[in-house]
Every structure is written in structure tokens, then in C-alpha cells.
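Report on the structure given below.
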Amino acid sequence: MDFNKFSDETKTCISAVIECIDDGIFITDGTGTVVELNKSALGCQSREQIIGKNMRQLIEEGIYEDSLALRVIKEKKPVSMVQHEETDILTTAIPHLKDGQVKMVVCCEREVYELDALRQELKESRAKNLQYEQELMYLRKNATRDVGIIAESTQMHDVIELALTAAEYDSRVLLQGETGTGKEVIAKLIYRNGKRMGKPFVDVNCGAIPENLLESELFGYEKGAFTGAREEGKKGVFELADGGVLFLDEIGETSIPFQTKLLRCIQEGAVTRVGGVRAVPVDVQIIAATNRDLLREVKEGRFREDLYYRLNVFPIEIPPLRQRKSDIVSLVYLYASKFNDKHGTDKMFSREALEALQNYRWPGNVRELANVVERLMLISKNKIIKEDELQFLFFAENSPEEQELTESSLEKHVERIEKEVISKYLMRYKRRAELADALGISIATLNRKLRKYGLGD
Numbered sequence: 001m002d003f004n005k006f007s008d009e010t011k012t013c014i015s016a017v018i019e020c021i022d023d024g025i026f027i028t029d030g031t032g033t034v035v036e037l038n039k040s041a042l043g044c045q046s047r048e049q050i051i052g053k054n055m056r057q058l059i060e061e062g063i064y065e066d067s068l069a070l071r072v073i074k075e076k077k078p079v080s081m082v083q084h085e086e087t088d089i090l091t092t093a094i095p096h097l098k099d100g101q102v103k104m105v106v107c108c109e110r111e112v113y114e115l116d117a118l119r120q121e122l123k124e125s126r127a128k129n130l131q132y133e134q135e136l137m138y139l140r141k142n143a144t145r146d147v148g149i150i151a152e153s154t155q156m157h158d159v160i161e162l163a164l165t166a167a168e169y170d171s172r173v174l175l176q177g178e179t180g181t182g183k184e185v186i187a188k189l190i191y192r193n194g195k196r197m198g199k200p201f202v203d204v205n206c207g208a209i210p211e212n213l214l215e216s217e218l219f220g221y222e223k224g225a226f227t228g229a230r231e232e233g234k235k236g237v238f239e240l241a242d243g244g245v246l247f248l249d250e251i252g253e254t255s256i257p258f259q260t261k262l263l264r265c266i267q268e269g270a271v272t273r274v275g276g277v278r279a280v281p282v283d284v285q286i287i288a289a290t291n292r293d294l295l296r297e298v299k300e301g302r303f304r305e306d307l308y309y310r311l312n313v314f315p316i317e318i319p320p321l322r323q324r325k326s327d328i329v330s331l332v333y334l335y336a337s338k339f340n341d342k343h344g345t346d347k348m349f350s351r352e353a354l355e356a357l358q359n360y361r362w363p364g365n366v367r368e369l370a371n372v373v374e375r376l377m378l379i380s381k382n383k384i385i386k387e388d389e390l391q392f393l394f395f396a397e398n399s400p401e402e403q404e405l406t407e408s409s410l411e412k413h414v415e416r417i418e419k420e421v422i423s424k425y426l427m428r429y430k431r432r433a434e435l436a437d438a439l440g441i442s443i444a445t446l447n448r449k450l451r452k453y454g455l456g457d
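Below is the structure:
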């Protein structure tokens with residue numbers, strides 16, 4: 001493409017187009033001679049002073065200090081630079097190549113303050129986004145802390161995200177996790193952030209109610225339904241939760257006959273009281289929870305498959321505390337603050353005590369942790385609870401064989417065993433050479449370990 005070979009009509013069209021552009025535009029041929037430019041590129045010069053002259057000549061005349069067009073012709077690639085004059089000007093020059101030769105160079109000049117304004121606008125926009133992000137995280141964190149949830153770990157962040165997503169809908173939710181992981185707390189989080197907030201939240205522990213009473217407790221009963229029944233009958237929890245949320249904890253403990261009746265209730269959206277014939281419409285969102293593997297229960301015939309899929313619309317798995325150790329210290333702080341307020345105390349945990357609590361397995365999960373924190377704050381005579389006050393956790397409640405060796409505690413276990421072995425051998429061998437030989441280590445290594453553990457003379 002050679003500008004000089006364009007027809008007069010084409011040149012006129014190009015001139016008209018570039019005059020519509022606010023940026024300074026000028027075009028040179030492959031030798032650096034200016035063939036066209038718009039008013040924005042002229043500055044104080046006239047067209048006659050620029051058009052038809054080579055950039056080298058214009059530099060010699062002092063009209064320009066430098067020329068990107070000449071650099072582009074030499075380097076055969078786009079070049080950009082900022083010229084510092086009264087205002088900073090960003091100039092970009094782009095070559096048009098044919099058969100490896102530069103035929104034309106188009107240069108564009110723009111005052112940098114326009115780019116700075118755009119950068120500032122982008123910076124402010126990003127800052128606002130970050131602010132909104134942080135405010136959302138703060139609100140979500142407060143929403144979770146209000147119901148006693150700590151989410152420092154990635155695992156619990158994921159659980160909360162799922163719970164808040166579930167809250168946006170009105171579907172059934174199945175919470176699965178070990179005893180004490182906080183399934184009821186997650187259920188309340190869903191309720192508090194859902195469409196049924198302000199309506200009834202009714203919770204039932206299906207495993208705590210005798211089988212012969214569970215049906216009447218959930219579905220209610222009519223007058224005279226059975227011996228000992230109220231004369232006026234009684235509403236079941238489905239009716240009490242009408243319009244709201246019904247939390248069915250320990251759903252895996254129910255019998256197949258009861259599961260059949262529950263399935264019918266879910267399918268029909270109505271309950272029939274024990275001893276009654278009339279179906280009572282109910283509108284509830286069911287959140288079920290279990291510490292069992294319900295899919296395995298289904299395969300082994302202890303849980304109805306059709307009910308499982310009815311409940312498992314939005315599944316959420318809550319990890320045990322031992323798999324989210326980064327939550328432990330924050331949970332200790334949370335419960336310490338709570339029990340300080342409750343008992344009028346002002347106690348805290350030492351760094352070593354907190355580390356020991358992190359290394360414990362917590363088979364009872366968050367529920368056990370809350371119990372241990374309150375117990376320690378009541379029985380400790382010290383304002384700062386120390387590591388040696390936690391011995392009941394590791395020895396009274398769990399034998400050493402049952403303790404789980406984690407990466408953080410493995411080295412300490414090895415050191416403890418090593419110290420015990422060396423101590424026993426010290427009682428048998430008086431000479432260090434014999435002791436080192438019996439242990440299968442060098443005397444230098446033995447001396448180092450004796451110093452490390454404070455053993456020997």
C-alpha cells in the first residue's frame with residue numbers, strides 16, 4: 001500500500017476521515033516523507049510546512065525533536081513513546097509492510113491526561129469493587145458468626161457458600177456430617193438468609209423420639225386417637241411449621257414405615273393426623289440432616305431410595321473439625337468469649353494450649369470443643385489456661401493409640417518416644433560408648449541428643 005499511488009478521490013476521503021479524529025494523525029511514506037496529517041497533528045505549523053517534507057528535514061528545521069516514523073521504518077515494527085512537552089503526549093507509530101518493506105507509517109498522538117483519566121476511573125472502579133467485595137464478606141461473616149459459625153478454612157467457606165446459595169431457593173436440603181459438626185447451625189443459616197425468614201423454624205430430632213410417638217409428633221393426632229391422647233387432639237410439627245422451615249435432624253434413624261408416611265406427605269403437600277381421615281395442606285421447606293451415609297443406607301435397604309432422592313435435592317456435606325484445623329483457634333476464641341460473658345470470668349488460652357487444641361482429633365467435633373472450652377474455663381484456677389491443663393483430653397478420654405498423628409504433631413511424638421527410649425537405656429548402660437552402641441548411633445549423635453533432652457550429667 002503506497003499512499004502516493006492512491007487516487008485523488010481516495011486521498012480526499014482519507015483526509016476527511018482523519019479530520020474527524022480528535023487525536024493527532026499523520027502519515028508518512030516508506031522513506032519518512034509526510035504525505036498526510038490532520039489539524040490536531042499540525043500544532044502551530046501550517047500544512048505547507050509539513051506536507052511533502054521528510055521527517056529528517058523537519059527534525060533539522062527544529063519542528064520536531066524526534067521521529068517515531070523513522071524508527072519504525074528502521075525497525076519494521078510498531079513503536080510507542082511519551083513526549084514530555086507542555087503536556088505529556090503518547091505517540092504510537094504503526095508500519096504497513098509489503099514484501100518485508102515499509103510502505104507507509106501511520107502515527108497517532110494522544111495527550112496522556114486522557115489515558116490517566118481512564119486509568120483513574122478504572123482504579124476507582126476497582127477500588128469500589130474491592131470495597132463491595134469486602135463489605136459482602138463482612139456481612140456474610142457477621143451473618144455466620146451470629147449463628148455461631150466460624151469459617152477460616154476453605155472447607156467451611158465452601159459450606160457457607162453452598163448454604164447461602166441454598167437459601168436463595170425453596171428446595172429441600174440434605175445436610176450430612178458427623179455428630180457435632182454443626183448441622184443445625186447450618187440449617188438456621190439457610191433459614192435466616194432465605195425467603196421464609198420470619199416464619200416458623202421448627203426442629204425435630206427424629207432419633208430422640210420413640211418410634212411409636214414419632215408419627216403423632218410429626219403429623220399430629222385427632223381426638224381419641226390413642227390412650228393418653230389430648231381430648232382436643234394436637235397439631236404435629238408439620239402444621240406448626242406451616243409457611244416456614246422444618247428441620248428434621250437424625251433422619252437416618254427413622255424406620256422404613258415412617259419413611260413411607262413422610263414420603264407421602266412430601267409428595268402430596270399435606271398431612272393426615274393419626275386417627276384422622278382429612279388431609280391438612282402444609283407448606284414447609286424441609287431441611288433434613290444425618291450423621292449416616294444415607295446412600296449406603298439405601299443400598300443396604302435401611303433407607304427408602306425414593307425418599308432419599310426427594311430429600312437430596314440440595315446436598316451439603318459438612319467436614320469434621322479434624323479436617324479444618326484452621327477453624328479451631330477462632331472457635332476457641334468464640335466460645336471463650338461466650339463463656340466469659342456467661343460465667344463472669346476473664347480467662348484466655350496460652351499459645352501452647354491453643355496449639356495442643358489444634359492437634360487434638362476432636363471426635364465430637366464443634367460440640368465437644370465448646371464443652372471442653374467451658375469445662376476448662378470453669379475448673380482452671382489460672383487466668384491464662386496452660387497446656388498442662390489439657391491432659392484429660394489426651395489421656396483420660398483417648399488412649400495414645402487412638403490419637404491421630406498429624407503432620408504438625410508427628411515430630412513431637414517422635415521426640416517424646418526418642419526421649420523415653422534414651423532415658424530407659426541410660427539406666428542400663430553407664431558408659432556412653434556402650435549406650436551409643438546399644439542405640440546404634442555415634443557418640444557425637446548421642447551427646448547431641450542428651451543435650452537436647454536434658455539427660456545425663
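Residue numbers are given in the working numbering: position 384 of the sequence shown equals residue 384, and the series is strictly consecutive.
Every residue gets a Cβ at the ideal spot worked out from N, C-alpha and C, and that includes glycine.
#1: Mind checking L445: buried by the 16 CB within 10 Å criterion, or exposed?
#2: Quick check on the DSSP output: what are the complete alpha helix (DSSP H) runs of length 4 or more inside the region 313-390, in order along the chain?
#3: With H, G and I counted as helix, E and B as strand and the rest as coil, what does DSSP make of P281?
#4: Name the DSSP bridge partner or partners of A289?
#5: Taking G440 as the reference, which of I422, F314 and A41 has the closest Cα?
#6: At which residue ranges does the region 8-71 contain complete alpha helix (DSSP H) runs of 4 or more residues, listed in the order of the chain?
#7: Name, in chain order, the residues that DSSP records as bridge partners for I94.
#8: Looking at E232 and the ligand PLP, is the gap between the Cβ and the nearest heavy atom below 8 Å?
#9: Tell me which same chain residues have a C-beta within less than 7 Å of the C-beta of N205, skipping the five on either side of it?
#10: Three-state secondary structure (DSSP) at G220?
#11: Mark K460 as exposed unless 16 or more other C-beta atoms lie within 10 angstroms of its C-beta, in which case mark it buried.
#12: Does DSSP put E111 in a helix, a strand or coil?
#13: Determine which residues share a DSSP beta bridge with M81 and list them.
#14: Taking the alpha helix (DSSP H) that D437 belongs to, which residues open and close that run?
#15: If you draw a straight line from the alpha carbon of L321 to that of I186, how long is it in whole angstroms?
#16: Return helix, strand or coil for L455, following the three-state DSSP convention.
#17: Which value, in whole angstroms, describes the spacing of the CA atoms of E109 and K128?
#18: What do you get for A117, buried or exposed, if any count of 16 or more other CB atoms within 10 angstroms of its CB means buried?
#19: So D249 is in the beta strand (DSSP E); what residue range does that whole segment cover?
#20: So is S399 buried or exposed if we call it buried at 16+ other beta carbons inside 10 Å?
#21: Is it true that the CB of G236 sits closer than 9 Å to the CB of F219?
#22: If you run the structure through DSSP and keep just helix, strand and coil, what is K235?
#23: With DSSP as the reference, label D158 as helix, strand or coil.
#24: Just how far apart, CA to CA, sit T28 and D8?
#25: Relative to the alpha-carbon of I287, which residue among E268, R310, D306 and K299 has its alpha-carbon at the smallest distance?
#26: May I ask which residues mark the beginning and end of the beta strand (DSSP E) holding F201?
#27: DSSP puts Q101 in a beta bridge; with which residues?
#28: Near T290, what residues of its chain come up, given a Cβ to Cβ distance below 7 Å and the 5 sequence neighbours on each side ignored?
#29: Would D203 pass as a contact of F247 if the rule is Cβ separation under 9 Å?
#30: So what does DSSP say about T445, is it helix, strand or coil?
#31: Rounding to the nearest angstrom, what Cα-Cα distance links K462 and E36 in this structure?
#32: Evaluate contact between the region 65-77 and the region 39-50, counting only Cβ atoms and requiring at least three cross-stretch pairs below 8 Å.
#33: At what residues does the alpha helix (DSSP H) containing V271 begin and finish?
#34: Given a cut-off of 9 Å, decide if A241 and F201 are closer than it, judged by their beta-carbon atoms.
#35: Check whether the Cβ atoms of G180 and R367 lie closer than 9 Å to each other.
According to the structure data:
#1: For the purposes of this step, residue 445 is taken as residue 445 along the sequence shown, with counting starting at 1. The amino acid at residue 445 is misidentified as Leu; the sequence shows Thr. Answer is exposed; the Cβ neighbour count stays below 16.
#2: 328-343, 351-359 and 365-379
#3: To locate residue 281, count along the sequence shown from 1; it is residue 281. Here P281 sits in strand by DSSP.
#4: Looking up residue 289 in the sequence shown gives position 289. Partner(s): L175.
#5: Here residue 440 corresponds to residue number 440 of the sequence shown, with the count starting at 1. Comparing Cα-Cα distances from G440 to each of I422, F314 and A41, the minimum goes to I422.
#6: 8-19, 39-42, 47-50 and 55-60
#7: Working through the sequence shown from its first residue, we reach residue 94 at position 94. V106.
#8: This structure does not include the ligand PLP; it has no bound ligands of any sort.
#9: Within the sequence shown, residue 205 is the residue found at index 205, counting from 1. So the list reads D249 and E250, once near-sequence residues are dropped.
#10: Here residue 220 is taken as the residue at index 220 of the sequence shown, counted from 1. Strand.
#11: Only positions 1 to 457 of the chain appear in this structure, which leaves residue 460 out of reach.
#12: Taking the first residue of the sequence shown as position 1, residue 111 is located at position 111. E111 falls in the strand class under three-state DSSP.
#13: Taking the first residue of the sequence shown as position 1, residue 81 is located at position 81. In DSSP, M81 forms a bridge with T91.
#14: Counted from its first residue, the sequence shown places residue 437 at position 437. Start and end: R432 to L439.
#15: Here the question's residue 321 lines up with position 321 in the sequence shown. Here the question's residue 186 lines up with position 186 in the sequence shown. Going from the Cα of L321 to the Cα of I186 covers about 15 Å.
#16: Reading the sequence shown from its first residue, position 455 is the one you call residue 455. Three-state DSSP puts L455 in coil, outside helix and strand.
#17: Position 109 of the sequence shown, counted from the first residue, corresponds to residue 109. Position 128 of the sequence shown, counted from the first residue, corresponds to residue 128. Cα to Cα, the separation comes out at about 31 Å.
#18: Within the sequence shown, the letter at position 117 stands for residue 117. Flag for A117 reads exposed.
#19: Walking along the sequence shown from the start, residue 249 turns up at place 249. Per DSSP, D249 belongs to the beta strand (DSSP E) from V245 to D249.
#20: The residue you call residue 399 lines up with position 399 of the sequence shown. In this prediction, S399 scores a pLDDT of 47, lower than 50, which makes its location untrustworthy; the coordinate-derived value is nonetheless stated afterwards. Exposed is the call here.
#21: What you label residue 219 is simply residue 219 of the sequence shown in a count that begins at 1. What you label residue 236 is simply residue 236 of the sequence shown in a count that begins at 1. Yes, they are a contact pair.
#22: Sequence index remark: in the sequence shown, residue 235 carries index 235 (1-based). In the structure shown, K235 sits in a strand (DSSP, three-state: E or B).
#23: The count along the sequence shown starts at 1 and reaches residue 158 at position 158. Here D158 sits in helix by DSSP.
#24: One-based indexing of the sequence shown puts residue 28 at position 28. One-based indexing of the sequence shown puts residue 8 at position 8. About 17 Å.
#25: Along the sequence shown, one-based indexing puts residue 287 at 287. The shortest C-alpha separation from I287 is found at R310.
#26: The residue given as residue 201 occupies position 201 in the sequence shown. Start and end: F201 to N205.
#27: What you label residue 101 is simply residue 101 of the sequence shown in a count that begins at 1. The partner list for Q101 (beta bridge, DSSP) reads K98.
#28: Taking the first residue of the sequence shown as 1, we reach residue 290 at position 290. These residues qualify, in order along the chain: Q176, E250, I251 and G252.
#29: The residue given as residue 203 occupies position 203 in the sequence shown. The residue given as residue 247 occupies position 247 in the sequence shown. Yes; because the gap between Cβ atoms is below 9 Å, this pair is in contact.
#30: Locating residue 445 in the sequence shown gives position 445, counting from the first residue. Helix.
#31: Because the chain spans 1 through 457 in this model, residue 462 falls outside it and cannot be assessed.
#32: no
#33: As a first step, residue 271 must be located in the sequence shown, where it is residue number 271. No alpha helix (DSSP H) contains V271, which is instead part of the beta strand (DSSP E) from A270 to T272.
#34: As a position in the sequence shown, residue 201 is number 201, starting the count at 1. As a position in the sequence shown, residue 241 is number 241, starting the count at 1. Contact: yes.
#35: Working through the sequence shown from its first residue, we reach residue 180 at position 180. Working through the sequence shown from its first residue, we reach residue 367 at position 367. Closer than 9 Å, so yes.
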